[in-house]
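Residue numbers (the working numbering), protein chains in the order written: chain A, 28 to 306; chain B, 646 to 1060. Where is the CB? At the ideal position from N, CA and C, for every residue including glycine. Just so you know, these numbers come straight off a predicted model, no measurement behind them. Heads up, the thing below is written out as structure tokens.
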Amino acid sequence: MTEKAPEADGTIWVRRFDRFDRSLHILLMASFLGLSLTGVPLLFSDRPWAASLSRLFGGFRSAATLHRVFATGMLVCFGSHLARLAKRLFGDKEYGILWGPSSLVPQPRDLTDLVQHVRWFLGRGERPRFERFTYWEKFDYWAVFWGMGIIGGSGLILWAPKLWARFLPGDLFNVALLVHGEEALLAVVFIFTIHFFNGHLRPEKFPMDTVIFTGVLPLEELKHERPAEYDRLVAEGGVERLASPAPTADRVRKSRIVGTIAVSLGLLLVAFTLIALLS
Amino acid sequence: MRFGGVLAALLLTAAPLQAAAPPPKPPANDDCLACHEDPSAKRANGSSVAVDKAAFASSVHGAAGASCVDCHQDLAKTADFPHPEKLAVVDCASCHASEVADYEKSVHAAERGKSKASKAAWCTDCHGIHDIRPSKDPASRTNHFNLPTTCLKCHGNLAVVPSAGGPPVNQPALFHDSIHGRALERSGLKFAPNCSNCHGAHAIRNPKTDPESAVFRTKIPATCGTCHEKILAEYSDSIHGTQLAKGNAKVPVCSDCHTAHAITDSSDARRLAILHQCGGCHETSLATYRDTYHGQVNAMGFSRIATCADCHTAHQIHPAGDPRASVAPANRLRTCQKCHAGATANFSRYDPHANTHDKGRSRLLWATALFMRILLAGVFAFFGIHTVLWFPRSVKARVDANRKGRGAGDGRGEA
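Take a look at the structure:
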């Protein structure tokens, strides 16, 4: 199907994520996977697989160094996202990112969407008419934002304890170690189960939604999934502005490969984690 | 010999005539060797009765000019040769009274006392018979450097010394590879201990049941301390040593950490094993250690990270409240700095045994842990239910979409 030119089957494709967003997701994904694989063994250090995983990265010293390399990647990711937000806000005066239909900021609508969505789950109503970002996508976004602060902040403290100890009391390292581990556990299990399900693995999307890699989706799908956004775009005359060529077969194939690897690694790690947690 | 016998018989029958007949002259060594020097000399049952003349000559007894009948005393008055096969058991105590008295207290003697069939060692099993050499002779079975081989004849052979209840162990092999065994057998150090330095020579008592044994649990520190004098002094001063002196036999003694026979230096395996030695009693401390980076890295099998003794020391262990303790507030920073060069006083306030369940130890940590638990439970409860409810609906949506002939969701492959 994907090999067909858009004209061939009449599919119109529209852009959802630009190159910057897609690059950021790739970088976030790679650094998050790297951080998980080098960090999670410590949380389950009594399991044989933890030692094997750590040895795979060359032992605990080498794994610790790689953890910091991936952390740097994630910091770059976070920093460039903040920089872009600043540019959009102060440079382009795009105040719409702060509030309104295309903003990621939680709004009353999200609560009504959630209630309506649950009613739909139970067969007691229509599917909510979602806008550009659904409430669970906003949760994903803010969860990562919160996680950046908590895990990133505690991680930076643990990175150079002797330096920080010049200013901070030592018992703060105990707190940093605790929240770093617990919050990381939350992030790992959440991303590799809930985010994977919501974004990729649920039957409507299975095996994955490639929009985050290709950046584009068929207009029909947008209309079905985010009718409120579709209506707004039509009203604003933005559909034509967002129209894009269909993704090339090569890009779709690469997206699937990258996506499959990431999802497989994540599921494998979360399987080990859940077995360790529940046994 | 036969002539001698006949002569003796004649003399005896002539006794009434010759009232003051002299007692029979004891046979000289050469008289004995006349028969026993023959390597093929055997008893009726085929066992050898040959005596190696040269070996006897160079033995401690031969060199001292002892005669056969000094030991085989029942033959001293015998004039009728060949003498009966069954002789009295040689009594070493007739000369070596104190050694035999010691032996009688030993586990070897006790075992022999229990059963006639016992293979437990007695004098000749260790010392030999006619070729006994003094211990200072390098060829002696009981020479300092040879003794392990002598003990090993039985104690390396489960057919002779079956494992008493416990799992089969091979102490001699363990000893060979231990730091003591290598020092003794490879480096030839005369100060290195052999079996008898710990177990005794003649009065080898049962270390498990006999409180008089030099290696009975409570005696071990003193025994090791005969060589490791400074360590004994440190240990005796420590909480473990003082508790032992008060009769608390649960405290660790040398062998609990170092093992009895496989004593090695500070290998990586030892550094990992020590956790379980200390953790056997200090369970909470081990659990809280496992929650920290030190313990996590260690649990994965990497030993180059702080373990118990790195902070608490090996032998000078005192409670944290004791100003002599390496982990006492005044000494803690110096202890951290052993690994963390440049650490500051703030740094040393880190709690390497932080306990998230112990409100009294750190209220901040306890509250943070509680918050994290609620956060995790909340997030997973909410999205768990959300996902479980969504799943059947999502299946239905896809089925409906396929029925309509187009992909409901992706639309880029499934349709």
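Beta-carbon gap between A/TRP148 and B/TRP1011 smaller than 7 Å: According to the sequence provided, residue 148 of chain A is Phe. The question's Trp does not apply to it. No; because the gap between Cβ atoms is not below 7 Å, this pair is not in contact.
Unbroken alpha helix (DSSP H) run spanning A/ARG46, endpoints: 46-70
Beta-carbon proximity of A/ARG268 to A/THR241, cut-off 7 Å: no
CB of B/LEU920 within 7 Å of CB of B/THR952, strictly: yes
Opposing strand residues paired with B/SER693 [DSSP bridges]: B/LYS687
A/TRP173 - containing alpha helix (DSSP H), residue span: 162-174
Cα-Cα separation between A/LYS250 and A/TYR257, rounded to whole angstroms: 5 Å
Residue(s) in a DSSP beta bridge with A/ALA270: A/VAL41
Contacting positions in the stretch 895-911 of chain B - beta carbon closer than 8 Å to chain A: none
Range covered by the beta strand (DSSP E) that runs through A/LEU244: 243-245
Contacts of B/TRP1035 in chain A (Cβ-Cβ under 7 Å): PHE148, ARG229
Neighbour flag for A/VAL202 against chain B, beta carbons, 7 Å: yes
Between the CA atoms of B/ALA818 and B/GLY833 - distance to the nearest angstrom: 17 Å
Among B/ARG1006, B/ARG949, B/PRO793, nearest to B/HIS906 - alpha-carbon criterion: B/PRO793
Assigned secondary structure, B/PRO856 (DSSP; H/G/I helix, E/B strand, else coil): coil
Terminal residues of the alpha helix (DSSP H) in which B/GLY801 lies: Segment: none, B/GLY801 is in no alpha helix (DSSP H) and carries neither H nor E.
DSSP state of A/TRP126 mapped onto helix, strand, coil: coil
Chain-ordered neighbours of B/HIS847 on chain A, where CB pairs are closer than 7 Å: Under the 7 Å cutoff, chain A gives no residues; its nearest Cβ is about 49 Å from B/HIS847.
Distance between A/ALA203 and B/THR929 (C-alpha atoms, nearest Å): 21 Å
Backbone CA spacing between B/ASP913 and A/ALA78 [nearest angstrom]: 16 Å
Continuous alpha helix (DSSP H) stretch holding A/PHE157: start and end: A/PHE157 -> no alpha helix (DSSP H), and no H or E assigned at all.
Presumed contact (8 Å Cβ cut-off) between B/ALA973 and B/ASP967, rounded CB distance: 6 Å
Cβ-based neighbour list, A/VAL96, same chain, cut-off 8 Å, excluding 5 preceding and 5 following: GLY61
Buried versus exposed, by CB contacts within 10 Å (16 or more), B/LEU803: exposed
Residues near A/GLU30 in its chain [Cβ-Cβ closer than 8 Å; skip 5 each side]: Unreliable positioning characterises A/GLU30 in this predicted model, as indicated by a pLDDT of 44, which lies under 50. A coordinate reading is not provided.
A/ILE221: contacting residues in chain B (beta-carbon distance under 9 Å): VAL1024, PHE1025, PHE1028, GLY1029, HIS1031, THR1032
Residue span of the alpha helix (DSSP H) that contains B/PHE1027, given as start and end: 1008-1049
C-beta neighbour in chain B for A/LEU62, strict 7 Å: no
B/ALA828 to B/GLU756 span [Cα, whole Å]: 32 Å
Cα-Cα separation between A/VAL145 and A/ARG151, rounded to whole angstroms: 9 Å
Min CB distance A/PHE87 to chain B below 7 Å: yes
Beta carbon of A/ASN225 nearer than 7 Å to that of A/TRP173: no
Assigned exposure category for A/THR300 - 16 Cβ within 10 Å defines buried: buried
Chain A contact residues for B/HIS939, given Cβ-Cβ distances below 9 Å: None at all; the shortest Cβ gap to chain A is about 11 Å.
Which of helix, strand or coil DSSP assigns to B/ALA762: coil
Residue range of the unbroken alpha helix (DSSP H) whose run includes B/ALA954: 953-957
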